[in-house]
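Structure record follows, encoded as structure tokens.
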Amino acid sequence: NLFGEGEVLKEFANTKIGVHPLFHVVRVRHHSPKCLVEEVAAGESVAAALARHTESPFAAEEEKQRIMDILIEYHRTVMMAFIENGVIHSDVHLGNANYVSAAQASRANAPPEP
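Number 115 marks the last residue of the sequence shown (this note's numbering); no jumps.
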């Protein structure tokens, strides 16, 4: 039942994971019993970023460590959403989360240019 999944995603967006400054829960655009339309999340999946950074001998150690730290925080936050709100993401995997590099994050948080 995709309507139910859409309802849970909306509820999930109001938990710790949905309000965390590092994470974003995709918005549900439409949901019905046979159709679920979500916004498209931009960026590289965490799985792809991790593979790229761990397979390359030239990858910066600090960027690999940042990915690992984010993964730890992500899973802690998912568990806190369950403990505090009783909502659990039943499909938590690295392909279901997007990664923003430190450089991308600083550009996104920079004040707008005049």
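Think of the CB as a built atom: it goes at the ideal place given N, C-alpha and C, for glycine as much as any other residue.
As the crow flies, the alpha-carbon of I71 is around 32 Å from that of C36. DSSP places R28 in the coil class of the three-state scheme, outside both helix and strand. Here E39 carries a strand assignment [DSSP, helix/strand/coil]. Residue pairing by DSSP leaves E6 without any beta bridge partner.
Counting C-beta pairs closer than 8 Å gives three or more between the segment 25–33 and the segment 4–14, which meets the contact rule. Residue burial annotation: H32 is buried, with at least 16 other C-beta atoms found within 10 angstroms of its C-beta.
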